[in-house]
Structures are given as C-alpha cells and as structure tokens.
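Okay, so the sequence shown: first residue is 1 according to full-length UniProt numbering, each after it adds one. The block underneath contains the structure these notes are about, expressed in structure tokens.
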Amino acid sequence: MLRHHLAPSSTTRLAHLSDLHFGDQPGGLARSLALALEHAAPDLVIVSGDLTQRARPGQFLEAKAWLDALARPVLLVPGNHDLPLLALWSRLLRPRRRFQQLATMDRAPCWRSEQVLVHGADSTRRWRWKSGRAPGWCGGAGAGQVRVLAVHHPLGGTPRPHPPAVTAMPMADVVLAGHDHHSRVELLRTATTPAGVLQLVAGTALSRRLRGEANSFLLLDVTVNPLGGQHATACLQVQRWEHADDGFAPAAAQAFSKQLGQDDTGWTAWQEPVIECTRRD
C-alpha cells in the first residue's frame, strides 16, 4: 500500500476488486484473476474489503503472497470478514491486527496520479464515521483530479446501505465498494450532494458464494481534460470483467463524464458505445 504515490500517465487505470475471501475460493480462480490483471495492466489495484474468509493467519498469508505476485501498487481497506469472528479476545481488543500487518499499518491509505486521488477508509468502524467526512481523509484534490473513496460497505442505496458512511460522500466524486457480492452502478444524492456521487459496487472476485452473477471485478479508466484555470472535464470508463470457462474477460461497459471544480453538475452517462479495454503496453 502506497501513500501519495504519483503515477505518470495521461489516463489512470484502476482495477477494483472486492470480496476475495481467500480461504474459500475455487481452485485455479486466483490464478485466472492474476492473469486478467496482468493483461489489463492497471496503475493501481484497489481491494475494497473481505480479503479473507475468516481472518485466519494462513488466509492472510495466502492473500499477501497473491498480492505480492501481482507486482503492482495495491490499496487495501478491511471488510467485516477481515475481523476475527470466533477469537473473541482478538475481536474485542485488536480486531484489525492481522489486517494491519498485511496492510503495513497504514490506516488512511492514499494514492495519487495526475488524474485521481484515491483514499481508503475503514467502514467497519461504524462509530468513527462522523463530523461530515470519512475518518482520515487524505487531503485536498487538485483542480484536475477525480476524488475516489474506497470502502467495503456501500454508502446508501440498495440493497444493504451503510448509513453512517453517507457523511463521506461530499468529499468524493466516486465511491468504490463491495460487500454485497453483486455488482451495480448507481448515482447517490443527498442534501449535501445534490450533484450526486457515482458509486461503483464490485461483485465478488473469488468467492464461491455468488448471488446471481459470475465472479467479477471492475476496471476503471480515468481521463481528465483541463479547460483552463480551475476547470476540467473528467471522463470515466467502467468495464466489468467476468469469469467464464476460459478465464476473466471484458463484459458490460459504461462511461460517464462530469465537470470538476465549481462547475460540477454531476455525472452524465455517455450515449455512445464504449470502446473495449485492451492490453496496455
């Protein structure tokens, strides 16, 4: 996990994985996912929680070995499955110890490129979501940066919202979440976010507990076009990669644009067909 890393590129590519549940994945699926990520070549891999099935040491070690083998920057946030369930003393006194050892003890992970500012927050700490912002938000974004918030629990919406975290939405343009094992794209609006926040909920990348769709992950391409001064236009392409007999492959795609800065009127969906994501050299 990297803090304030700068990635030089005209377009930033993010891979959004969630609910890997190491310890409960079908054989060969993790290898297939690694091959897909090698093909997609993201600038950053974001794992939005539930890295393990039961927060056991062996499951964290397996997850760490898999993440290390990707040889790419990784940003991690914990999910409820990353806290011990049956080890009561550990759950009460130091529930995040094993996760924090894996995540290099960085409790407010941040990552930057020219186009995006990514912040990871712990949505399992329900009592800490207060004062109108996500705990430890990692600073202001530049005029030409899209603000991305990565959490485990979806912020509002359906089917299982996480109400305390809705206070973080005014700080973000995009929310990446998981938890439900079912992917969706939705625009969230509240009294403090009239323009709306785009929430991208990833399905489960590796778990055998499927809910009506195949194992999948999301690939995001973010491009920002400066308009002069404090104004810029952001373009976001979102593509879901699904697993089939021959591995993970691109499936449904959507694209959005918005004005950044004071002219922000919210995300608008593109009507034109989206070009399929291809290998990056």
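For each residue, glycine too, the CB sits at the ideal point set by N, CA and C.
Asked: Who are the Cβ neighbours of L220 in its own chain at under 6 Å, not counting the five residues just before and after it?; Found: L14, V238
Asked: Can you name the start and end residues of the beta strand (DSSP E) that residue 291 belongs to?; Found: Residue 291 is absent from the model: the chain starts at 1 and stops at 281.
Asked: Just to confirm, is the Cβ distance from L51 to F60 under 9 Å?; Found: yes
Asked: CA-CA distance, G79 and L155?; Found: 14 Å
Asked: Among residues of its own chain, excluding the 5 on either side of G196, which ones have a beta-carbon nearer than 7 Å to its beta-carbon?; Found: L187, L188, R189, G266, W267
Asked: Considering only the alpha carbon of each residue, which of G49, A65, R209, D173 lies closest to L198?; Found: D173
Asked: Which runs of the beta strand (DSSP E), 3 residues or longer, sit entirely within the stretch 46-70?; Found: none
Asked: Quick check: H243 and S207, are their CB atoms within less than 9 Å of each other?; Found: no
Asked: Using 9 Å as the threshold, is the C-beta distance between G49 and D24 below it?; Found: no
Asked: Sort out for me which residues DSSP pairs Q262 with in a bridge.; Found: DSSP, once it has assigned bridges, lists no residue as partnering Q262.
Asked: Does the distance from the C-beta atom of A143 to that of G261 stay below 9 Å?; Found: yes
Asked: Taking S113 as part of the beta strand (DSSP E), name the residues at either end of that continuous run.; Found: 110-113
Asked: Enumerate in chain order the residues of its own chain whose CB-to-CB distance from V222 is below 6 Å, with the five nearest sequence positions on each side excluded.; Found: T12, Q115, V116, V146, L236
Asked: With distances taken between CB atoms, is the gap from S123 to H153 smaller than 9 Å?; Found: yes
Asked: Exposed or buried, what is R31 when buried is set at 16 or more other beta-carbons lying within 10 Å of its beta-carbon?; Found: exposed
Asked: Could you give the first and the last residue of the continuous beta strand (DSSP E) run that contains G196?; Found: 193-201
Asked: With a threshold of 8 Å on Cβ separation, who are the neighbours of S257 within its own chain once the five nearest residues in sequence on each side are excluded?; Found: T233, A234, C235, L236, W267, T268, W270
Asked: In this structure, how does DSSP classify N80 when only helix, strand and coil are distinguished?; Found: helix
Asked: Would P109 and L75 qualify as a contact pair, given that the criterion is a beta-carbon distance under 9 Å?; Found: yes
Asked: W241 and A40 - do their beta-carbons sit closer together than 9 Å?; Found: yes
Asked: For H16, which residues in the same chain have their Cβ closer than 7 Å to its Cβ, ignoring the five residues on either side in sequence?; Found: I46, S48, L176, L200, A202, F217, L218, L220
Asked: Provide the residue(s) that pair with S257 in DSSP beta bridges, ordered along the chain.; Found: C235, T268
Asked: With the cut-off set at 9 Å, would you say H119 and V148 are in Cβ contact?; Found: yes
Asked: Give the straight-line distance between the Cα atoms of S131 and R211, rounded to the nearest whole angstrom.; Found: Here S131 scores only 41 on pLDDT, less than 50, and its place in the model is too uncertain to base an answer on.
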